[in-house]
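**Student:** For what it's worth, full-length UniProt numbering labels the leading residue of the sequence shown as 1, then goes sequentially.
Glycine residues also receive a C-beta, built at the ideal position from the N, C-alpha and C atoms.
Predicted model, so just to flag it, every value in this text is computed and none were measured.
One structure, pasted below without further comment.
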Amino acid sequence: YSFYKNIVLTVILLFYACYSAFSGQSLYESYVYAGYNFFLGLPILFIGFFDQDVDEATVLHFHSLYYVGLRKIDLNVPLMVKGFFQAVIDAVLIYFLTLVAFNGMTGEGNRDHGGKGTPMSVWGEDGSTSGLFVFGLAVYTNMVVAMLYKVALLTLTWNSWSIFGMAFSVALYLGFLFSYASTEPDSALFTWIGTYEFLLVPNYMFRLGGFYAAAILVPVTVFLLDFLRLVLSTEAFPSKTDAAREWQQLRHQARGSCPGRINAWFGATTDFRSSSTAEVNPVAGTGEQLQQGQGTTF
């Protein structure tokens, strides 16, 4: 995830560099840019602290699930390449969909307004435009929200800490924006870190109706694409962990026999209706079936 989100950040800057004729102008205000990993740092840490692929009973029941670490399933070169291309696709969606939302960005102004700039445009010829940092902040905000959606997609065990981490990131980001952009020009703090170019920029951006449309549609589009990819991957190419997670869900619900693909992975037939000991002592097998020599072994 950390590799992925920083690739998204960098690729978007590359797209803007093409639009700005490689002038060296940054799309983001410098302090906002520097805060990227701070704004998004806590949720992924809480995933590392509290998230579980499967619960303790399941992993002790299916010992071969430890293959994930031994075979470097979660960190390898093919996975890094896959993450890179996924980051490029998401960066394309975030940058260009926001570009479309802010109309009149062709360098000729908004053609519907006779070539003149509009409050939602950035490069209008008459100067009546939002400006670079408004557009840059809109792209940045959509990117931050999309990355939080990505964390939500990666989270398998939701708890109060997971929710707190997400809420804290949003509060930290918005709190920083309005505090930094509202610093009085005659204050000592402004002389230290302030900039006239970013003064009240978030206040202006949040008054634009088109920004809210982009802030909803752009991250949701990225999320739905990632969700579709995850569903197709899980259904078409399930891993042992996916099968064990499905087994765990069925065990909790006690619906009946395992689906065929779980038995294909683990080589056993398990009936959750046969004994209540499947909940009490899942490590020993599945109750009566294990006693009859039908338990799952590795």
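Secondary structure at Thr234, three-state DSSP: helix, strand or coil?
**Tutor:** By one-based count along the sequence shown, residue 234 stands at place 234. Three-state DSSP puts Thr234 in a helix.
**Student:** For Tyr67 and Gly48, what's the separation of their Cα atoms in angstroms?
**Tutor:** The residue given as residue 67 occupies position 67 in the sequence shown. The residue given as residue 48 occupies position 48 in the sequence shown. Straight-line Cα distance between these residues: approximately 19 Å.
**Student:** Please state the DSSP three-state secondary structure of Gln52.
**Tutor:** As a working mapping, residue 52 is identified with position 52 in the sequence shown. Residue state, collapsed to three classes: coil.
**Student:** With DSSP as the reference, label Asn37 as helix, strand or coil.
**Tutor:** Taking the sequence shown and counting its residues from 1, one reaches residue 37 at position 37. It is helical.
**Student:** Quick one: is Asn142 buried, meaning 16 or more other Cβ sit within 10 Å of its Cβ, or exposed?
**Tutor:** Reading the sequence shown from its first residue, position 142 is the one you call residue 142. Asn142 is buried by the Cβ-count criterion.
**Student:** From the DSSP output, in three-state form, read off Ile89 for me.
**Tutor:** Position 89 of the sequence shown, counting from 1, holds the residue named residue 89. Three-state result, Ile89: helix.
**Student:** Please return the same chain residues whose Cβ sits closer than 7 Å to the Cβ of Ser169, not counting the five positions on each side in sequence.
**Tutor:** Indexing the sequence shown from 1 puts residue 169 at position 169. Phe39, Leu40, Leu42, Pro43 and Leu148, listed in sequence order.
**Student:** If you drop the 5 nearest sequence neighbours on each side, which residues of the same chain put their C-beta closer than 7 Å to that of Asp242?
**Tutor:** Residue numbering aside, residue 242 sits at position 242 when the sequence shown is read from its first letter. So the qualifying residues of the chain are Thr234.
**Student:** Count the CB pairs spanning the region 59–76 and the region 176–183 that are closer than 8 Å, and state whether there are at least three.
**Tutor:** In short, these stretches do not touch, since the Cβ pair count stays below three.
**Student:** So the candidates are Lys240, Ser20 and Gly35; which of them puts its Cα closest to the Cα of Tyr140?
**Tutor:** Residue numbering aside, residue 140 sits at position 140 when the sequence shown is read from its first letter. For the residues Lys240, Ser20 and Gly35, the minimum Cα distance to Tyr140 belongs to Gly35.
**Student:** Sort Leu154, Ile7 and Ala21 by Cα distance to Phe46 and report the nearest one.
**Tutor:** Mapped onto the sequence shown, residue 46 falls at position 46. Closest by alpha carbon: Leu154.
**Student:** Mark Tyr212 as exposed unless 16 or more other C-beta atoms lie within 10 angstroms of its C-beta, in which case mark it buried.
**Tutor:** By one-based count along the sequence shown, residue 212 stands at place 212. Looking at its Cβ environment, which holds fewer than 16 other Cβ atoms inside 10 Å, Tyr212 is exposed.
**Student:** Kindly indicate which three-state DSSP category Arg207 falls into: helix, strand or coil?
**Tutor:** Here residue 207 refers to the residue found at position 207 when the sequence shown is read from its first residue. Coil at Arg207, not helix or strand.
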